Amino acid sequence: MERFNLLLYRLMIQDKTKTLVENKRLTTHIAVRREVSFSACGFFNFDYKLLHSILAAVTTYFVVLISLE
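Using full-length UniProt numbering, the letters of the sequence shown correspond one by one to residues 1 to 69.
1. Sorted by chain position, which residues of the same chain lie with C-beta nearer than 7 Å to Lys49's C-beta, five sequence neighbours on each side aside?
2. Need the endpoints of the alpha helix (DSSP H) that Ala57 sits in, please.
3. By Cβ distance below 8 Å, which residues in the same chain neighbour Val58 in space, the five residues on each side in sequence not counted?
4. Taking the alpha-carbon of Leu6 as reference, which of Cys41, Val36, Ser67 has the nearest alpha-carbon?
5. Considering only their Cβ atoms, is the gap separating Asn45 from Ser53 smaller than 7 Å?
6. Rounded to whole angstroms, what is the Cα-Cα separation between Arg25 and Met12?
7. Enumerate, from N- to C-terminal direction, the unbroken alpha helix (DSSP H) stretches of 4 or more residues contained entirely within the region 1-51.
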């Protein structure tokens, strides 16, 4: 599915007649299916998995900090 979305996106950009861009269903499909990804200078992706790991580490740190007081 991701490969199809990428191919469709490229075809929409290269379309000289703009008929693909004017198609509401294709435009909506691209808008809904397009995944946004962030990376730190290409070293690693900042996604939900990393965010979950950071949140778990911070929570664990606070639990240990509170229990030691």
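Note that CB positions come from ideal geometry on N, CA and C, so glycine has one too.
Model, not experiment: these values are computed from the prediction.
Quick look at the numbers:
1. For Lys49, there are no CB contacts under 7 Å within the same chain when 5 residues up- and downstream are skipped.
2. 48-68
3. none
4. Val36
5. no
6. 12 Å
7. 2-14, 19-22, 24-33
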